[in-house]
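To start, the structure itself, in structure tokens.
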Amino acid sequence: MSNIYRVFAREVRGYVSSPSSYIFLLLFLVIGSSLMLFLNRFFAFGAAQLDGFFVYVPWLFMFFIPAIGMRLWAEEKKTGTIELLMTLPVRDIEIVLGKYIGALALVLVALLLTFPLPWMVSSLADPKTPFDWGPIYCAYLASFLLGALILAVSAWVSSMTENQIIAFILACSLTFALYLIGFPAIVSMLPEWLGNLTSKLSPYQHFSSLYQGVIEAVDVVYFVGAIGLFLYLNTRTIESRRWA
Amino acid sequence: MIKVEKLVKNYGTHRALRGVSFEVGQGEIVGFLGPNGAGKTTTMKILTCYLPADSGTAMVAGYDVAQSPVEIRRRIGYLSEGAPLYVEMGTIDFLRFVGGMRGLKGEKLNKQIKTVVERCGLEKAAGKLIGELSKGYRQRVGLAQALIHEPDILILDEPTTGLDPNQIQEIRSLIKEIGKEKTVILSTHILTEVTATCDRAIIINEGKVVAQGTPQELMERGSGKMNVIASVRGNHDLISESLRGIDGVSSVEIVSPAEDGVARYRLTSKEHLPLAERVFHVIADNGWALSELRQETVTLEDVFAELTK
Numbered sequence: 004m005s006n007i008y009r010v011f012a013r014e015v016r017g018y019v020s021s022p023s024s025y026i027f028l029l030l031f032l033v034i035g036s037s038l039m040l041f042l043n044r045f046f047a048f049g050a051a052q053l054d055g056f057f058v059y060v061p062w063l064f065m066f067f068i069p070a071i072g073m074r075l076w077a078e079e080k081k082t083g084t085i086e087l088l089m090t091l092p093v094r095d096i097e098i099v100l101g102k103y104i105g106a107l108a109l110v111l112v113a114l115l116l117t118f119p120l121p122w123m124v125s126s127l128a129d130p131k132t133p134f135d136w137g138p139i140y141c142a143y144l145a146s147f148l149l150g151a152l153i154l155a156v157s158a159w160v161s162s163m164t165e166n167q168i169i170a171f172i173l174a175c176s177l178t179f180a181l182y183l184i185g186f187p188a189i190v191s192m193l194p195e196w197l198g199n200l201t202s203k204l205s206p207y208q209h210f211s212s213l214y215q216g217v218i219e220a221v222d223v224v225y226f227v228g229a230i231g232l233f234l235y236l237n238t239r240t241i242e243s244r245r246w247a
Numbered sequence: 007m008i009k010v011e012k013l014v015k016n017y018g019t020h021r022a023l024r025g026v027s028f029e030v031g032q033g034e035i036v037g038f039l040g041p042n043g044a045g046k047t048t049t050m051k052i053l054t055c056y057l058p059a060d061s062g063t064a065m066v067a068g069y070d071v072a073q074s075p076v077e078i079r080r081r082i083g084y085l086s087e088g089a090p091l092y093v094e095m096g097t098i099d100f101l102r103f104v105g106g107m108r109g110l111k112g113e114k115l116n117k118q119i120k121t122v123v124e125r126c127g128l129e130k131a132a133g134k135l136i137g138e139l140s141k142g143y144r145q146r147v148g149l150a151q152a153l154i155h156e157p158d159i160l161i162l163d164e165p166t167t168g169l170d171p172n173q174i175q176e177i178r179s180l181i182k183e184i185g186k187e188k189t190v191i192l193s194t195h196i197l198t199e200v201t202a203t204c205d206r207a208i209i210i211n212e213g214k215v216v217a218q219g220t221p222q223e224l225m226e227r228g229s230g231k232m233n234v235i236a237s238v239r240g241n242h243d244l245i246s247e248s249l250r251g252i253d254g255v256s257s258v259e260i261v262s263p264a265e266d267g268v269a270r271y272r273l274t275s276k277e278h279l280p281l282a283e284r285v286f287h288v289i290a291d292n293g294w295a296l297s298e299l300r301q302e303t304v305t306l307e308d309v310f311a312e313l314t315k
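Chains as they are written, first to last, in this note's numbering: chain A, 4 to 247; chain B, 7 to 315.
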């Protein structure tokens, strides 16, 4: 446990001292709020609601999360520090978890920094109909779980290459593929049984039902299970040293 | 301390190790010597439990690398090739991280950091980021992290590559100092390194151990011929003729031609015979002026070239 914490703390300190994490946060905020305010014509609607922002979260994450995850392992392999790390007397899973949770902290910070958006919207709401925070919290939970899943995918992909660009492109593609199999348009083209199966495997459906304000155990279990699966794959890839 | 038997490792179709066997005793400083790509680094990576071997066994401090990697890693300090470090970290932060991961904490950790900083001469680097340090200092930080938990065994992959001559001297004396108490394995393709620091050398070529022994023993292996160099003033046809006539001389060649009438000759002996005295007498009897007479020493370079041909 303390080893996981040490790896985590090292990663977090890396983010704090690196300018690229600030640029990342800034871009995420600017692009995220622009999408909501302009693309979704927030001002034109005249309604104090936030659907606009969360609709774009999967698409925002599809690019932003792989950008965080791509360096997790690829960079260590490129510079050779992975050898230092993996010859320490700790288990591989501890290092995998420490690095993952460190990057997850950055995702969490990015999400929390968007909090002025709902706050601003709530202050615009008609005082006679109090603003309902419940769906907002739900949407944040959904976004966090989706981000955590894409991060696990990106971390795994990053463990297979020493090229960050390749890791980024593969992680974006894999995320997009996972979305696709849950799209109603795609699902309706498949035989019914297959469509049912793929839409249950896709994070898109689970995200949609969560962010619409319904917290169901099955959706949460899906995310936790999928994250576990990709972290397991990540550990196996690291253990195999096939890239060494 | 370390016992390796018939290690085999393939990278795809490339056969990196083809049955490497050797032993290293406690407190020895052993040099792995070999051209680039000989299998030195691969052997070290197997000993540090970073890579698994395809077949063969390696025992380190009584543990099998395939069975108890964590136990072995606890007892090993490892500096991998090029000393890869986290350049964005401060020197002390980095040592604290490695020390922590190696189970040191609190007062003990602070004490160990202080010890390795002193020992590796890192006082000036203490307040800096690793990325700001020179190559020599980085190498020392790499050594410091390998020493922080006082391991019994130190494995150093090319510890002096890329350093300037002064830094090389410093690192070497540091390794010698450490080697007084600990078992050290270092790899190099610089032969003088082995003569300067190691008790014993293991020469590896194309994935096999081709020779091992003390630098002295290895040099003797290559010194079947005891050559003598002599510089003499006079008619060199006449001199060559007389030198060739000495009992035990198999050939005479002129190494550097006459300069002010002095030429340098190399005499190759037939057997393991010291020729110098006989050469002196022949030259003195003829009344020629002798300005240089020495036994040519066989260098490790010669042995190495011979063995890795």
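Even for Gly, the Cβ is constructed at its ideal location relative to N, Cα and C.
Please read all numbers here as calculations on a predicted model, not as lab measurements.
Query - Same chain, Cβ closer than 6 Å to S161 (chain A), five either side skipped, listed in chain order - result: Start at 1 with the first residue of the first sequence, and residue 161 (chain A) comes out as number 158. Excluding sequence neighbours, S161 (chain A) sits near G72, M73, L75, W76, A77 and A170.
Query raised in the report: DSSP on Q215 (chain A), reduced to helix/strand/coil?
Result: Within the first sequence, residue 215 (chain A) is the residue found at index 212, counting from 1. Here Q215 (chain A) sits in coil by DSSP.
Query raised in the report: By how many angstroms is the C-alpha of E14 (chain A) removed from the C-alpha of K80 (chain A)?
Result: Position 77 of the first sequence holds residue 80 (chain A). Position 11 of the first sequence holds residue 14 (chain A). Taking the straight line from one Cα to the other gives about 16 Å.
Report task. Mind checking who R21 (chain B) pairs with in its DSSP beta bridge? Result -> Taking the first residue of the second sequence as 1, we reach residue 21 (chain B) at position 15. Partner(s): B:N16.
Query raised in the report: Can you name, in chain order, every residue of its own chain whose Cβ lies under 7 Å from the Cβ of N166 (chain A), other than the five neighbours on each side?
Result: Stepping through the first sequence from its first residue, residue 166 (chain A) is reached at position 163. Same-chain partners within the cutoff: A77.
Query raised in the report: M65 (chain B) bridges to which residues according to DSSP?
Result: If you number the second sequence from 1, residue 65 (chain B) lands on position 59. B:K9 and B:D70, per the DSSP bridge assignment.
Requested in this report: Compile a chain-ordered list of the residues in the region 88-110 of chain A whose CB is closer than 8 Å to at least one CB of chain B.
Outcome: M89, T90, L91, P92, V93 and R94
**Report entry** From B:D308, B:D291 and B:L23, residue whose alpha carbon lies closest to that of S61 (chain B)
**Finding:** For the purposes of this step, residue 61 (chain B) is identified with residue 55 of the second sequence, where counting begins at 1. It is B:L23.
Query raised in the report: Where does V93 (chain A) sit, in a helix, a strand or coil, going by DSSP?
Result: The residue given as residue 93 (chain A) occupies position 90 in the first sequence. Under the three-state reduction of DSSP, V93 (chain A) is assigned to coil, being neither helix nor strand.
Report task. State buried or exposed for S256 (chain B), treating a residue as buried only when at least 16 other CB atoms are found within 10 Å of its CB. Result -> As a working note, residue 256 (chain B) is residue 250 in the second sequence. Classification of S256 (chain B): exposed, given that the 10 Å Cβ count is below 16.
Requested in this report: Express the C-alpha separation of T189 (chain B) and A247 (chain A) in angstroms, rounding to a whole number.
Outcome: Locating residue 247 (chain A) in the first sequence gives position 244, where the first residue counts as 1. Locating residue 189 (chain B) in the second sequence gives position 183, where the first residue counts as 1. Low confidence applies here, because A247 (chain A) scores a pLDDT of 47, under 50, leaving its location unreliable; read the following figure in that light. The alpha-carbon atoms of A247 (chain A) and T189 (chain B) are separated by roughly 27 Å.
Requested in this report: Pick helix, strand or coil for E259 (chain B), following the three-state DSSP scheme.
Outcome: As a first step, residue 259 (chain B) is located in the second sequence; it is residue number 253 there, counting from the start. E259 (chain B): strand per DSSP, three-state reduction.
Query - Test: T240 (chain A) CB closer than 9 Å to a CB of chain B - result: For the purposes of this step, residue 240 (chain A) is taken as residue 237 along the first sequence, with counting starting at 1. Put simply, the CB of T240 (chain A) is far from chain B, with every gap to its CB atoms at 9 Å or more.
Report task. Inspect the CB distances between the region 159-172 of chain B and the region 39-54 of chain B and report whether three or more fall short of 8 Å. Result -> yes
Query - 8 Å CB neighbourhood of W136 (chain A) in its chain, flanking five on each side removed - result: For the purposes of this step, residue 136 (chain A) is taken as residue 133 along the first sequence, with counting starting at 1. So the qualifying residues of the chain are P121 and S125.
Requested in this report: For the alpha helix (DSSP H) holding F103 (chain B), just list the boundary residues, first then last.
Outcome: For this step, residue 103 (chain B) is matched to residue 97 along the second sequence. Element bounds for F103 (chain B): T97 to M107.
Query raised in the report: Taking only beta-carbon atoms, is R290 (chain A) less than 9 Å away from chain B?
Result: One cannot answer for residue 290 (chain A) here, as it falls past the ends of chain A, which runs 4 to 247.
Query - Inter-stretch contact (C-beta, 8 Å, three-pair minimum) for the region 101-111 of chain A and the region 83-93 of chain B - result: no
**Report entry** Under 9 Å between C-beta atoms of A141 (chain A) and M65 (chain A)
**Finding:** Indexing the first sequence from 1 puts residue 141 (chain A) at position 138. Indexing the first sequence from 1 puts residue 65 (chain A) at position 62. The identity of residue 141 (chain A) in the sequence shown is Cys, whereas the question assumes Ala. No, the Cβ-Cβ distance between C141 (chain A) and M65 (chain A) is not below 9 Å.
**Report entry** Segment contact flag, the region 13-23 of chain B with the region 191-202 of chain B, C-beta cutoff 8 Å, min 3 pairs
**Finding:** no
Query raised in the report: Pairing CB atoms from the region 61-74 of chain B with CB atoms from the region 135-149 of chain B, are three or more of them under 8 Å?
Result: Pairwise C-beta distances place the region 61-74 of chain B out of contact with the region 135-149 of chain B, as fewer than three of them are shorter than 8 Å.
**Report entry** Integer Cβ distance of R108 (chain B) from I154 (chain B), believed to fall under 8 Å
**Finding:** Looking up residue 108 (chain B) in the second sequence gives position 102. Looking up residue 154 (chain B) in the second sequence gives position 148. Indeed, because the Cβ distance is near 7 Å, the residues count as touching under 8 Å.
Requested in this report: Would you mind listing the alpha helix (DSSP H) stretches within the region 161-190 of chain A that are 4+ residues and don't spill past its ends, in chain order?
Outcome: 167-183 and 187-190
Query raised in the report: What number of angstroms, rounded off, separates the C-alpha of G231 (chain A) from the C-alpha of P187 (chain A)?
Result: Within the first sequence, the letter at position 228 stands for residue 231 (chain A). Within the first sequence, the letter at position 184 stands for residue 187 (chain A). Distance between the alpha carbons of G231 (chain A) and P187 (chain A): 26 Å.
Requested in this report: Can you give me the Cβ contacts of I136 (chain B) inside the same chain, cut-off strictly under 8 Å, excluding the 5 residues immediately before and after it?
Outcome: Counting from one through the second sequence, the residue named residue 136 (chain B) turns up at place 130. Within the same chain, I136 (chain B) has close Cβ partners L91, Y92, V93, E94, M95, G96, T97, F100, R144 and V147.
Report task. Please check if any C-beta of chain A sits within less than 9 Å of the C-beta of S297 (chain B). Result -> In the second sequence, residue 297 (chain B) corresponds to position 291, counting from 1. Chain A contact via Cβ: absent.
Requested in this report: Quick one: using the 10 Å Cβ neighbour count with 16 as the cut-off for buried, is M123 (chain A) buried or exposed?
Outcome: Translated into positions along the first sequence, residue 123 (chain A) becomes position 120. With fewer than 16 Cβ atoms within 10 Å of its Cβ, M123 (chain A) is classed as exposed.
Query - Classification of E247 (chain B) by the beta-carbon crowding that lies within 10 angstroms, buried from 16 upward - result: Position 241 of the second sequence, counted from the start, is the residue given in the question as residue 247 (chain B). Burial call: exposed.
Query raised in the report: Is any beta-carbon of chain B found at less than 9 Å from that of G35 (chain A)?
Result: Taking the first residue of the first sequence as position 1, residue 35 (chain A) is located at position 32. No, no contact with chain B.
Report task. In the DSSP assignment, find the unbroken alpha helix (DSSP H) run with Y235 (chain A) in it and report its ends. Result -> Position 232 of the first sequence, counted from the first residue, corresponds to residue 235 (chain A). Counting along the chain, the unbroken alpha helix (DSSP H) around Y235 (chain A) starts and ends at A220 to S243.
Query raised in the report: My guess is that V60 (chain A) and L149 (chain A) are in contact by the Cβ rule of under 8 Å, so how many angstroms apart are they, rounded?
Result: Taking the first sequence and counting its residues from 1, one reaches residue 60 (chain A) at position 57. Taking the first sequence and counting its residues from 1, one reaches residue 149 (chain A) at position 146. Correct: roughly 7 Å between the Cβ atoms.
Query - Min CB distance S262 (chain B) to chain A below 9 Å - result: Looking up residue 262 (chain B) in the second sequence gives position 256. Cβ-Cβ to chain A under 9 Å: no for S262 (chain B).
**Report entry** Cβ-based contacts, 9 Å cut-off: residues of the region 105-122 of chain B near chain A
**Finding:** G106, M107, R108, G109 and K111
Query - Cβ-based burial, H209 (chain A) [other Cβ within 10 Å; buried from 16] - result: The residue labelled residue 209 (chain A) in the question sits at position 206 within the first sequence. By the neighbour-count rule (16 or more Cβ atoms within 10 Å), H209 (chain A) is buried.
Query - Backbone CA spacing between P41 (chain B) and E187 (chain B) [nearest angstrom] - result: Taking the first residue of the second sequence as 1, we reach residue 41 (chain B) at position 35. Taking the first residue of the second sequence as 1, we reach residue 187 (chain B) at position 181. Going by the C-alpha atoms only, they are around 29 Å apart.
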